[in-house]
Amino acid sequence: MKIKKKTLILISLFAIMLSSSAMASDGNGLDSGATAWMLTSTALVLLMVPGLAMFYGGLVRSKNVLGTMMHSFVAMGIMTVIWVIIGYSMCFGENVLGGWFGWNPDYVFLKGIDNNIMEAGVPEYVFSMFQGKFAIITPALIAGAFAERVKFKSYIIFIALWGILVYNPLCHWVWAEDGFLFNLGANGAIDFAGGTVVHISSGISGLVAAIFLGARRGHPNITVRPGNLVMTIMGAGLLWVGWFGFNAGSSISSGLSTAQALTATQVAAATGAITWMIIESIHQGKATALGFASGILAGLVAVTPAAGVVQPYGAIILGIAAAAICYLAILFKEKIGYDDSLDAFGIHGIGGITGAILLTFFIRKAWMADAAVAAGGTWTVMQQLGVQVIAVLIAIVYAALVTIVLLWVINKFIGFRSSPNNEMQGLDASYHGERGYGMLNPN
Amino acid sequence: MKLITAIIRENNLDQVREALIEAEISRITVHRVSGHGQQKKEEIYRGRKVVPNLVPKIKLEIAVNDDFVDITVNTIIEAAKSGEVGDGKIFITPLEECIRIRTGEKGGQAI
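In the order they appear, the protein sequences are chains Z and H.
Quick note: the first sequence uses this note's numbering, first residue 1, plus one each step.
Quick note: the second sequence uses this note's numbering, first residue 1001, plus one each step.
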């Protein structure tokens, strides 16, 4: 039989292709595809912090824009340093002090992980840096609740202590392998990317702080004209895109669950936005840009705990519910009268609670089947609901209590709230000696 | 009727406004301006102190009936004075006519 040379070459090439492994990897278990995505996710989540700075910065008065943006930016500095020194260890080390948080001496200064490749095929540095970005953005969210009225130095000390005493334990309980919420029920409390760890904790802490520190001078008759809505909605756009790193990256892989999480994220954000837009145009006659941006965030916050476990139809419901419930929460805030200036609780707190609880009814069958196996028989939606509610309540109570203590202590020693003079002059002039904008109209 | 023009520090706007509202002078116009004066104001820019040419200030314009000139001027001075160079100036100019657009009223009652 005469075999053409071309055919022989083609067959050989085919054979070579078949014999190389399915993933791009080298000898020590590194999955370069997953690593590439996780590196990207890390960068995307960091990009969310300037996005948050823009979102909040555009909502406050011109005299406070730099101060407000610095609340987000300084978190990038201080929380990174704390993360590398003790944060990663407290979150992902083994249980100590009865499981209050973790500890692993190898993780201090990340000194022991220089060469580690994790089971997921990703270098441990990448995982640590990825998680560290969450530790950065969570306290920055709280700043929205007490915008325009806190001292810069006190704020830095507050977020450092809050990160150590609230974020690290919560993160450990929910995401560390021996964390008690990770192991609650059949397959743990579901918090795919941080609905509880990030949004509920920061939202509740924000609410507590807003009430403890009191309202802004002149509230509720302060001008509600945001200084720069253009910057605000650009910030919302950056947050949306960055959220793909936040949610899809939380799959710690580059595969199917990544794709599922990305899809759910996109769907919930879009649905949240148009729901808010529809509600607002019916309720108040016009669809505002700020409302649209708020709807985006509400949808994203609600899908954060759910991204890897719900399918698109579930994400749509979460988006609709989050937008509606957060909208009502903000109206409610006006009635009650506390000054959660930038709706840290109204969107992150309420949205996180909504997502963490409502997701229970839309978990994909495969997850429930795994849970049933892990439970040694059956596992019902109602049982998982119980687990979710417990996790949410624990997060709320713990965050609220520790935050009150921190606020009280900091206030006692160095004061937290700005002096009336500094508040009137503006954060930018008082604490930074700078002006944000050149020559715009005063507000 | 007089037009009171006050040039004050940026940082004092809220204080002056609150004081004026408390004194029941609540109809004002606010501009953001910059200008040259006696003041050589230092600012920190990229780690060193610089003295810019034009200094940002706030200009208030308040139309008042003659009876209210003194209280307006005194309120502004008390709220805006710091004792340092750069506190600002107040100009009082006669106001020939004042008309309310909505109703067409003229004169003192339109202020």
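Don't be surprised by glycine CBs; every beta carbon is placed ideally from N, CA and C.
Only a predicted model underlies this, so the values are computations on that prediction, with no experimental measurement involved.
Asked, Found
"Pair every Cβ in the stretch 40-58 of chain Z with every Cβ in the stretch 238-253 of chain Z, then say whether three or more of these pairs are closer than 8 Å.", "yes"
"Use the C-beta contact count for residue 63 of chain Z: other C-beta atoms within 10 angstroms, 16 or more gives buried, fewer gives exposed.", "buried"
"If we call anything under 7 Å between Cβ atoms a contact, is residue 1006 of chain H one with residue 1075 of chain H?", "no"
"If you reduce the DSSP assignment to three classes, tell me which class residue 1064 of chain H lands in.", "strand"
"When you compare each of Z:59, Z:50, Z:136 to residue 88 of chain Z by their alpha carbons, which one comes out closest?", "Z:136"
"Run through the DSSP bridge pairs and tell me what residue 1106 of chain H is partnered with.", "H:1099"
"So, with DSSP's three-state summary, where would you put residue 95 of chain Z?", "strand"
"When the cut-off is 7 Å and only beta carbons count, does residue 1014 of chain H lie next to chain Z?", "yes"
"With a threshold of 16 other CB atoms inside 10 Å of the CB of residue 424 of chain Z, please say whether the residue is buried or exposed.", "buried"
"Determine whether the Cβ of residue 1011 of chain H lies closer than 7 Å to any Cβ atom of chain Z.", "yes"
"On a Cα-Cα basis, can you pick out the residue from Z:153, Z:159, Z:151, Z:54 that is closest to residue 142 of chain Z?", "Z:159"
"Quick one, which residues of the stretch 416-431 of chain Z are near chain H if we go by CB-CB under 7 Å, in chain order?", "424, 425, 429"
"Note down, in chain order, each residue of its chain lying with its Cβ closer than 6 Å to the Cβ of residue 331 of chain Z, except the 5 sequence neighbours on either side.", "none"
"Could you check if residue 264 of chain Z is buried or exposed, using at least 16 other CB atoms within 10 Å of its CB as the buried criterion?", "buried"
"Could you pull the DSSP bridge partners for residue 1034 of chain H from this structure?", "H:1056"
"For the alpha helix (DSSP H) that contains residue 330 of chain Z, what are its first and last residues?", "312-336"
"Fully enclosed by the stretch 49-93 of chain Z, which alpha helix (DSSP H) runs are 4 residues long or longer?", "65-82, 88-92"
"May I ask you to list the residues that DSSP assigns as paired with residue 414 of chain Z?", "DSSP, once it has assigned bridges, lists no residue as partnering residue 414 of chain Z."
"Residue 54 of chain Z to residue 1095 of chain H, Cα distance in whole Å?", "44 Å"
"So what's residue 360 of chain Z in DSSP terms, helix, strand or just coil?", "helix"
"Residue 261 of chain Z lies in the alpha helix (DSSP H); which residues open and close that run?", "256-284"
"Less than 7 Å between the C-beta atoms of residue 436 of chain Z and residue 66 of chain Z, yes or no?", "yes"
"What are the start and end residues of each continuous alpha helix (DSSP H) run of 4 or more residues lying completely inside the stretch 95-143 of chain Z, in chain order?", "124-142"
"Name the DSSP beta bridge partners of residue 1088 of chain H, please?", "H:1008"
"Please say whether residue 352 of chain Z and residue 199 of chain Z have beta carbons closer to each other than 7 Å?", "yes"
"Please return the same chain residues whose Cβ sits closer than 6 Å to the Cβ of residue 400 of chain Z, not counting the five positions on each side in sequence.", "204, 208"
"Measuring alpha carbon to alpha carbon, tell me which residue in H:1109, H:1023, H:1060, H:1105 is nearest residue 1090 of chain H.", "H:1060"
"Give every residue of the same chain whose Cβ lies closer than 7 Å to the Cβ of residue 112 of chain Z, excluding the five residues on either side of it in the sequence, and list them in chain order.", "106"
"Cα-Cα, which of Z:171, Z:250, Z:362 is closest to residue 83 of chain Z?", "Z:171"
"Taking the CB atoms as reference points, tell me whether residue 93 of chain Z and residue 103 of chain Z lie closer together than 7 Å.", "yes"
"With residue 250 of chain Z and residue 261 of chain Z assumed to form a contact (beta carbons below 8 Å), what rounded beta-carbon distance in angstroms separates them?", "7 Å"
"Provide the residue span of the alpha helix (DSSP H) that contains residue 230 of chain Z, from first to last.", "229-248"
"Could you spell out the range, first to last residue, of the alpha helix (DSSP H) harbouring residue 1019 of chain H?", "1013-1022"
"Assuming residue 58 of chain Z and residue 231 of chain Z make a contact with CB atoms under 8 Å, what is their CB distance in whole Å?", "4 Å"
"How should residue 281 of chain Z be labelled, buried or exposed, when 16 other C-beta atoms within 10 angstroms of its C-beta is the threshold for buried?", "exposed"
"Quick check on this structure: which residue in Z:60, Z:368, Z:407, Z:252 has the alpha carbon closest to the alpha carbon of residue 193 of chain Z?", "Z:252"
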